[in-house]
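The structure appears below as structure tokens.
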Amino acid sequence: MIYSRYDEVAALRDRITRARQTGDWTGVPRNQIPSQELGRAMAHMVATTTDTVPGHTITKVVDVVSAECAYGMNLFKDFFANVTDVVGGRSGATQKVLRDARRQVVAELRSEAFALEADAVVGVRLDFNEFSGGGKSMLFVVATGTAVKLMPAD
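Numbering-wise (the numbering used here), the sequence shown opens with residue 6 and increments by one.
Dropping the structure here:
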């Protein structure tokens, strides 16, 4: 009994050391992650469109998680996007808004999963929609996925 408890403590200490080096906090209980590492742990959480995480085994489905963001496309970006539509080419301003929206919504998806003490989000789906009217346009981005608990595969 004493030896098994020591092995558990030693294994946890080894996982924490490995996590500090790699940024992979899989298998480390949230209450054991140092407070200065929580942001890094959340930012490095795996969010994937696949239903598995290579090198890991899903041990538990925690819940479905989602995040939503609405972005206003300002008048100048709309104007230059319209000009690009007429003359052809890529709209750098619109691409930047799309990229920023995707990054923000995935970060919020990770935050939702992290709050549920999940280790990863699998099956992530991103949906982009534009709403316009009255001379204004909004970009609406939704991310959904399944929050899961993981253990490293042996």
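A virtual CB, placed ideally from N, CA and C, is assigned to each residue, including glycine. Treat the numbers as computed from the prediction; the structure is a model and nothing was measured.
Any heavy atom of the ligand ATP within a distance shorter than 8 Å of the CB on residue i?
i, result
"Lys141", "The ligand ATP is not among the ligands present in this structure, which contains no ligands whatsoever."
Can you give me the start and stop residues for the alpha helix (DSSP H) that residue i sits inside?
i, result
"Leu131", "Leu131 -> not in any alpha helix (DSSP H); beta strand (DSSP E) instead, spanning 125 to 138."
"Met47", "43 to 48"
Can the beta-carbon of residue i be found less than 9 Å from the beta-carbon of residue j?
i, j, result
"Glu122", "Val66", "no"
"Gly44", "Leu155", "no"
"Ala46", "Ala16", "no"
"Ala152", "Glu117", "yes"
"Glu73", "Val146", "yes"
"Ser142", "Phe133", "no"
"Val69", "Gly150", "yes"
Which residue comes first and which comes last in the beta strand (DSSP E) that contains residue i?
i, result
"Gly150", "141 to 157"
Rounded to the nearest angstrom, what separates residue i and residue j at their Cα positions?
i, j, result
"Ala148", "Asp159", "31 Å"
"Met108", "Tyr76", "The sequence given here places Arg at residue 108; Met does not occur at that position. The alpha-carbon atoms of Arg108 and Tyr76 are separated by roughly 13 Å."
"Ser71", "Ile63", "19 Å"
"Ala106", "Asp124", "23 Å"
"Arg18", "Leu144", "45 Å"
"Arg115", "Ala48", "7 Å"
"Gln26", "Glu42", "11 Å"
"Arg35", "Pro157", "16 Å"
"Gln100", "Gly28", "29 Å"
"Trp30", "Val102", "31 Å"
"Gly97", "Arg20", "43 Å"
"Gly138", "Val111", "27 Å"
"Thr22", "Arg104", "34 Å"
- Message: Is it the case that the segment 49 to 58 contacts the segment 121 to 138, given that we only count it when at least three CB pairs across the two stretches are under 8 Å?
- Response: yes
- Runs of alpha helix (DSSP H) lying entirely within the segment 94 to 118, each at least 4 residues, in chain order: List check, alpha helix (DSSP H) in window: nothing returned.
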